[in-house]
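Count the sequence shown with the UniProt record's numbering and you get residues 1 to 189, in order.
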Amino acid sequence: MLRSWRGAPLLRPAGCARARAFLPGLSSSRHDAASHRRSHKWQRVVQFPVDTIYGVVADVESYSQFLPWCLSSRVVRRTEGVDGSESMEAHVRVGFMLMQSQFSSTVTLSPRKRVVAVSRANEHLEELSFSWDFAPLGEEACRLDLKLDFCLRSPEHGQMWDLVREKVISDYLQAFQQRCADLGQQKRA
Numbered sequence: 001m002l003r004s005w006r007g008a009p010l011l012r013p014a015g016c017a018r019a020r021a022f023l024p025g026l027s028s029s030r031h032d033a034a035s036h037r038r039s040h041k042w043q044r045v046v047q048f049p050v051d052t053i054y055g056v057v058a059d060v061e062s063y064s065q066f067l068p069w070c071l072s073s074r075v076v077r078r079t080e081g082v083d084g085s086e087s088m089e090a091h092v093r094v095g096f097m098l099m100q101s102q103f104s105s106t107v108t109l110s111p112r113k114r115v116v117a118v119s120r121a122n123e124h125l126e127e128l129s130f131s132w133d134f135a136p137l138g139e140e141a142c143r144l145d146l147k148l149d150f151c152l153r154s155p156e157h158g159q160m161w162d163l164v165r166e167k168v169i170s171d172y173l174q175a176f177q178q179r180c181a182d183l184g185q186q187k188r189a
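Structure below.
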């Protein structure tokens, strides 16, 4: 049985058409080598309450403090929804290897359930969207479902992404989990 980085059993996604995984069976990737479009799904069980992991993912302004390759992150506008949801406009600047880029995104927060970001086109991407879905597994664990869809402007960028994808996503997921652990330690101190 597969285990998460903290020892809990991992759940496998149903019906993955094609999988490349940082943990076997936990991701799926779809793309046509000739296409600039990429779609990826990851699923992971983490040993943190939904409130904790959701709070870290929703705290876009703090991304530059803990995410690798995130050079800056700021929220420029927030709007409260009538159903308890929140929408924000955010600017995140990232750098990896020789590339740097800024993403201007609309981020929609559904407390304790979902975070969705849709970015506007930039110099490297025609479109970018990602969603985090959170499902509680008791009081101290939850399942994360992360979906990433994007369309690159050039085939060279697609080839670069294909080479570094697993490391980038694995490092990002690890950074979110480490942030949860760090915040938990600060609360106990």
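Positions of the beta carbon are idealized from the N, C-alpha and C atoms, including for glycine.
Distance CB(residue i)-CB(residue j) smaller than 7 angstroms
i	j	result
S110	S85	yes
V50	F134	yes
T105	V116	Sequence check: residue 105 is Ser here, not Thr. No; because the gap between Cβ atoms is not below 7 angstroms, this pair is not in contact.
T79	S73	no
R179	F103	no
V60	V107	yes
F150	L125	yes
Buried/exposed call for residue i, threshold 16 Cβ in 10 Å
i	result
P68	exposed
A141	buried
R38	buried
Where residue i sits in the DSSP three-state scheme
i	result
H157	helix
P113	Per the sequence shown, the amino acid found at residue 113 is Lys instead of Pro. In the structure shown, K113 sits in coil (DSSP, three-state: anything other than H, G, I, E or B).
R77	strand
L183	helix
R38	strand
Q100	strand
R165	helix
Delimiting residues of the beta strand (DSSP E) encompassing residue i
i	result
A90	86-96
E127	125-136
R143	142-152
Residue span of the alpha helix (DSSP H) that contains residue i, given as start and end
i	result
S64	63-66
D83	Premise fails: D83 is in no alpha helix (DSSP H) and is neither H nor E.
D51	50-58
Test: residue i CB closer than 7 angstroms to a CB of chain D
i	result
D133	Protein chains in the displayed structure number just one, and chain D is not present.
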